[in-house]
Each structure stands twice: as structure tokens, then as C-alpha cells.
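So the sequence shown is numbered by my numbering: it starts at 11 and just counts up by one.
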Amino acid sequence: MKLSTKGRYGVKAMFELALSYGDGPIALNSIADKQNLSVHYLEQLFSNLRKAGLVKSVRGAQGGYILARKPEDITVGDIIRTLEGPLAPAECVIENDSKECYKADYCVTRTIWEKIRDSINNVVDSITLQDMINDYKKMNNNDSYMYYI
């Protein structure tokens, strides 16, 4: 299973907003510059993030976007599922999907796909934007990490 640029860029952009949480709105141009992303592409992503209630838009000359909730209240899973849809390695194990496989009762691989799905969801739901900020600060305050091989 591989995330598309939607999920990867969305997490990067939300991280930038989290770094500036409480400092006012951040323009998409600024996020695009810092993360080397396309402004046009970010506009599309932020439209979905806004509809999902993860960001708020602020109009005006000093406008931009802010997080709709505190960084500790937004998970990587929230972002990825908003932009990518359900996280599952196979169609037959997508949660809340009405499609039922007629082989489900005797499909030995289905349990594998369910375990993979659950593991992925547990990981992305356990990491908040605040966790990412904390990791970033540790990495940038401790130059000695570069010397470990």
C-alpha cells in the first residue's frame, strides 16, 4: 500500500500549520515555499481539509489557514483519511463499506488484510501533529543524532 501525494503533501502542509499554531493564519504560498510544494495543489488539498473541519480559512490581506483544533487533537490518520479515503490494503476490508465479498467466510487472506488495515490505522491514529512537532524539535535541538550510524 502506497500513499499518494495527497496524503504525503497534506501531512507536510498540516505540520507547517501546526508549527505556527497560535501565531495567526499562514498563507498557502508560505507553506508551499517551506515544503517545496505546488500552491495550486495545496489549494485543492486545503479545500478538502477545510470541509472535514481540520483547518479554517481566514480571509483578507493577512489571511490564510489555521488549524481548526489544537495540534494534539489532530492525528495523521485524520489527515490521511480525509485526503486519501479509508486506509486498507484490499477492497474487501474497507471499513464501513457496504460491499461484502461472497468468499469472506472462507477466505484465509482476508484476516491478513484486516490485520494490516488495523495495524496501519492504529499507527496513524496514534501520531498527532503535536507528536510531529516534538520530534522535529528533538531533531533540531540535538545535532549529535547525525553521528549515529
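Glycine is no exception: its CB is placed at the ideal position from the N, C-alpha and C atoms. Just so it is clear, the structure is predicted and the values come from calculations on it, not from any experiment.
8 Å contact criterion, which residue i and residue j should meet: CB distance rounded
| i | j | result |
| --- | --- | --- |
| I41 | P81 | Contact flag wrong, Cβ pair sits at about 15 Å. |
| Y19 | L59 | With 8 Å as the limit, Y19 and L59 do not qualify as a contact, their Cβ atoms being about 11 Å apart. |
Residue i, buried or exposed, once every other Cβ within 10 Å from all chains shown has been counted against 16
| i | result |
| --- | --- |
| G32 | exposed |
| K22 | buried |
| V160 | Because the chain is modelled from 11 through 159, residue 160 falls outside the range shown and cannot be assessed. |
| E110 | exposed |
| E105 | exposed |
| M24 | buried |
| V86 | buried |
| E26 | buried |
| G74 | buried |
| I90 | buried |
| D43 | exposed |
| D88 | buried |
| S136 | exposed |
| V9 | Because residue 9 is not part of the residues shown, which for the chain are 11 to 159, the question remains open. |
Proximity of residue i and residue j at Cβ, strictly below 9 Å
| i | j | result |
| --- | --- | --- |
| K147 | L93 | no |
| L139 | I84 | yes |
| L52 | L38 | yes |
- Is it a yes or a no for the region 122-130 touching the region 96-110, going by three-plus beta-carbon pairs under 8 Å? yes
- Message: Count Cβ pairs between the region 113-121 and the region 64-79 that sit closer than 8 Å; are there 3 or more?
- Response: no
- Mind listing, in chain order, the continuous beta strand (DSSP E) runs of no fewer than 3 residues lying wholly within the region 107-139? none
- Minimum length 3: unbroken beta strand (DSSP E) runs contained in the region 35-104: 65-68 and 74-77
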